[in-house]
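K.L.:
Per mature numbering (1 follows the signal peptide of the UniProt record, and there is no 0): the sequence shown = residues -25 to -1, 1 to 150.
C-beta: ideal position from N, C-alpha, C; glycine also.
Below are the structure tokens for one structure; questions will follow.
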Amino acid sequence: MMYMNRFMLHALVAGGLCASIPAHAQGHVVMTPKLDWMTAAHLAIEAVDACAKQGYSVTATVVDTTGHQQAVIKGDSVPLQSLSVSYRKAYTAYSYGMAFNMDTTSALIAAKVTGPANGALNTIPEVLFVPGGVTLRRASDHAVLGGIGVSGAPGGEKDEACAQAAVTKYRADFQ
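Written out as structure tokens, the structure is:
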């Protein structure tokens, strides 16, 4: 009985607090900006094409603001693991690029945000601190819209250059 009375008290207090908080114009809906599917697809295609022009078969993955895959394009002869690696690079560029206000996984590595080589951030599932990821930002206010990751070229810096080429080409569409 005492538990029920305590529960009722907490419920009444919480209800009173909620009733006293003014409602915002958007109510309880959070609006999160993200790229449309066509722009995400164009980015992935352009990244794969940029690498193909250099003789590299790669996979490009674009993630949205929830960290989910929005577009994935793979070259004709990429190894299976490039699917996972490109996603992890995109996810890392998105999530840690936003957290540390950096635009590439190379910049995150250079800033040593992972701590020591065996740092705890390296153990988080889906996180991969290697070059090849670029944070996607809206041109007007620099809001994070997702990330793009590329995998399959001989070296992460080549992957990242292809991702950056795609971002540069389509940046004007990030409005």
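Which word fits G131, buried or exposed, when buried means at least 16 other C-beta atoms lie within 10 angstroms of its C-beta?
P.N.:
buried
K.L.:
Nearer than 7 Å: is that true of the beta carbon of T41 relative to any heavy atom of the ligand FAD?
P.N.:
The ligand content of the structure shown is nil, which means the ligand FAD is not present either.
K.L.:
Skipping 5 residues on each side, what residues in its chain have a beta carbon closer than 8 Å to that of E135?
P.N.:
T79, T80, S81, P106, G107, G108, V109 and V125
K.L.:
Look up Q150 in the DSSP assignment and say whether it is helix, strand or coil.
P.N.:
Residue state, collapsed to three classes: coil.
K.L.:
In the DSSP assignment, what are the bridge partners of V125?
P.N.:
A35
K.L.:
Can you give me the C-alpha to C-alpha distance between N97 and E21, rounded to a whole angstrom?
P.N.:
29 Å
K.L.:
How about L111 and G127: do their beta carbons lie closer than 8 Å?
P.N.:
no
K.L.:
Have a look at G42, V33 and A114 and flag the residue whose alpha-carbon is nearest the alpha-carbon of V102.
P.N.:
Ranked by how close their Cα comes to the Cα of V102, the residues G42, V33 and A114 have G42 in first place.
K.L.:
Should residue 157 be labelled buried (16 or more other beta-carbon atoms within 10 Å of its own) or exposed?
P.N.:
Since the displayed the chain opens at -25 and closes at 150, residue 157 lies outside it and no answer follows.
K.L.:
Pick helix, strand or coil for G42, following the three-state DSSP scheme.
P.N.:
coil
K.L.:
Mapping DSSP to helix, strand and coil, what is D134?
P.N.:
Assignment of D134 by DSSP, reduced to helix, strand and coil, places it in the helix class.
K.L.:
Go through its chain and collect everything with a Cβ distance to P129's Cβ below 8 Å, but skip five positions before and after it.
P.N.:
Taken in chain order, the residues that qualify are Y31.
K.L.:
Please identify the residue among A85, H17 and I84 whose C-alpha is closest to the C-alpha of Y145.
P.N.:
H17
K.L.:
Please state if the CB of A65 and the CB of I123 are separated by a distance shorter than 8 Å.
P.N.:
yes
K.L.:
Are the CB atoms of Q44 and T36 nearer to each other than 8 Å?
P.N.:
yes
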